[in-house]
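Novice:
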Ligand code: NAD
Ligand code: 6OD
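Numbering (our numbering), first residue to last: 861 to 1349.
1. Do you know offhand how far residue 1107's Cα is from residue 1080's?
2. Suppose only complete runs of 3+ residues qualify. What are the beta strand (DSSP E) ranges in the stretch 890-978, listed by chain order?
3. Report the three-state DSSP secondary structure of residue 1148 (helix, strand or coil).
4. Leaving out five residues before and five after residue 1187 in sequence, what residues of the same chain have Cβ atoms less than 7 Å from its Cβ?
5. Is there at least one non-hydrogen atom of the ligand 6OD closer than 7 Å to the beta-carbon of residue 1319?
6. Can you find the residues in the same chain that come closer than 6 Å, C-beta to C-beta, to residue 1161, ignoring five residues on each side of it along the sequence?
7. According to DSSP, is residue 1224 helix, strand or coil?
8. I'd like the span of the beta strand (DSSP E) that includes residue 1015, first residue to last.
9. Per the DSSP calculation, residue 1330 is bridged to which residue(s)?
10. Determine the DSSP secondary structure at residue 1006, reduced to helix, strand or coil.
11. Could you give the C-beta distance for residue 960 and residue 950, rounded to a whole number, given that I count them as a contact under 8 Å?
12. Output needed for residue 1316: all residues of its chain with C-beta closer than 6 Å, excluding positions within five of it in sequence on either side, in chain order.
13. For the ligand NAD, is there a heavy atom less than 7 Å away from the beta-carbon of residue 1201?
14. Would the stretch 927-940 count as touching the stretch 903-912 if we require 3 or more Cβ pairs under 8 Å?
15. Could you check how far apart the C-beta atoms of residue 1208 and residue 1249 are, in whole angstroms? I think they sit under 8 Å.
16. Hey, out of 1044, 1096 and 981, whose CA is closest to residue 1353's CA?
17. State yes or no: is the C-beta of residue 952 within less than 8 Å of the C-beta of residue 1022?
18. Does the beta carbon of residue 1302 fall short of 7 Å from some heavy atom of the ligand NAD?
19. Considering only residues of the same chain and omitting the five flanking positions on each side of residue 1280, which have a CB-CB separation below 6 Å?
20. Considering only heavy atoms of the ligand NAD, does any lie closer than 7 Å to the CB of residue 1146?
21. Compare the beta carbon distance of residue 1073 and residue 901 with 8 Å and say whether it is the shorter of the two.
22. Where does residue 990 sit, in a helix, a strand or coil, going by DSSP?
23. Output the boundary residues of the alpha helix (DSSP H) element that contains residue 1061.
24. Please tell me whether residue 1147 and residue 1048 are closer than 8 Å, where the distance is taken between their beta carbons.
25. Measure the alpha-carbon distance for residue 1082 versus residue 973 and round it to whole angstroms.
26. Does DSSP put residue 1267 in a helix, in a strand, or in coil?
27. Out of 1221, 1308 and 1044, point me to the one whose CA is closest to residue 1141's CA.
28. Starting from the Cα of residue 1008, find the closest Cα among 1086, 1251 and 926 and give me that residue.
29. Helix, strand or coil, according to DSSP, for residue 1133 in the structure here?
30. How long is the line joining the alpha carbons of residue 1259 and residue 1120, rounded to whole angstroms?
31. Alpha carbon to alpha carbon, what distance is there between residue 962 and residue 956?
32. With 16 as the cutoff for other CB atoms within 10 Å, does residue 1164 come out buried or exposed?
33. Can you tell me whether residue 1124 sits near the ligand NAD, meaning its C-beta is under 7 Å from at least one heavy atom of the ligand?
34. Do residue 1151 and the ligand NAD come close, with the Cβ less than 7 Å from some heavy atom?
35. By how many angstroms is the C-alpha of residue 1027 removed from the C-alpha of residue 1087?
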């Protein structure tokens, strides 16, 4: 939402221009029914221009707002989301297809936590001081000042819409940057609710802007925009390449959180029941639509068959259906096109020699859910860990399971993909846990757990999973420029 500052002559001039394009809309479907739930503006590059101009006009008022006041406003945003908790959770579930119970337990609490966490982080921030000692009593003192970078373009995907948008908005605002947000066109509505909350809290005009629309029509001009100084993008690796290319000529600060094909490594010395439960959750949480999902499970051969049987039993018991029901474990995939893509991978798995052990069918559900994009969670065995099904990102409810004989073989298989986001290890051997954690080519490793998040730690990937780290002081450093002052004593 671009709020217009009436004192800004450029915005005034733009407002008087006739719109070059006819007003267009995008249809937003509920993935659980396939029915229309809202229309969103199909914005274009002129809307991006207006949003960036509004954001640029807020650089000084927002950047000059004292840190404690910014922190107070972030806490007020957290309270504003909390006050409309049910509406946020219901909306996220209707837009995305996820169970409302998941939106209530993960997405919306995390969005609130993002604002509270970064309010606290800037309140308690310390920057460095480096003392120099010269000969004969001479010396110097260096100290560092944190300064906003400028207009921040924040582009996010459809799987964890508010969770991931606020993971960027909160630190960007906390560090004094005005923001222009571009959420996914498939899950737009919680971003609009957030804009309403922020409007009520009363940030300076132009500090928060939201532009709805398609990637090529809004995201592309936004990343290339001359008034944008920083781009934080979360999405697919192919899109990330385009974003990096568009941002490069302007030397914009860049953070990319991209795709993943993450391994779950299960050793014979693990706590078996915990490993089965953990691997099932890692594979199928949020319908398998999380970049961190463990979509390839490597199991030590001595327990492989028992593990597969237990996993298939656990996964077959997952209840797929109405996202609004508190008993549902898995909702609908985000779109018909995405379900088609996932089903294409199920066909590929069979062509590659895989054996479908459970799932993979569309469930039969009563109206209106019979129009939804549901898919039973699938477990596939008998594939080489190097095949396409086991190395390409599917981003849906499909997991492959592969036996291994030695730790070295497991490590090779885990590292043998273009991605390097995360891994989870299941073992009770502490030395093995340390050894493998150090050797895995990933940005993050979980041991005997998965997606246990501490917002202070570095979050990000290596290889084709991204560039840069966000989280805690890594976010503060990304969303600010450090200035050093050196004083000769
Ligand atoms: P996507 O790349 O298609 O879209 C992400 C966002 O980029 C959307 O808002 C989209 O409209 C926009 N976009 C599209 N083309 C653009 C362009 N040319 N310039 C700028 N913006 C553009 O991704 P998706 O399908 O929405 O999400 C799924 C992907 O996101 C998966 O690959 C998943 O692994 C990845 N993801 C990664 C993380 C992470 O933290 N690493 C988190 C969530 C999702
Ligand atoms: O937990 C987070 O901070 C985070 N960025 C998660 C990303 C999940 C991807 O789908």
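Backbone N, C-alpha and C fix where the C-beta goes; we use that ideal spot for every residue, glycine too.
Specialist: Per the coordinate set shown:
1. 9 Å
2. 895-901
3. helix
4. 1179
5. yes
6. 1263 and 1265
7. coil
8. 1011-1015
9. 1319
10. strand
11. 6 Å
12. 1332
13. no
14. no
15. 6 Å
16. Residue coverage of the chain in this structure runs from 861 to 1349, which leaves residue 1353 outside it and unanswerable.
17. yes
18. no
19. 1301, 1302, 1321, 1322, 1323 and 1325
20. no
21. yes
22. strand
23. 1049-1061
24. no
25. 27 Å
26. helix
27. 1308
28. 926
29. helix
30. 13 Å
31. 11 Å
32. buried
33. no
34. yes
35. 22 Å
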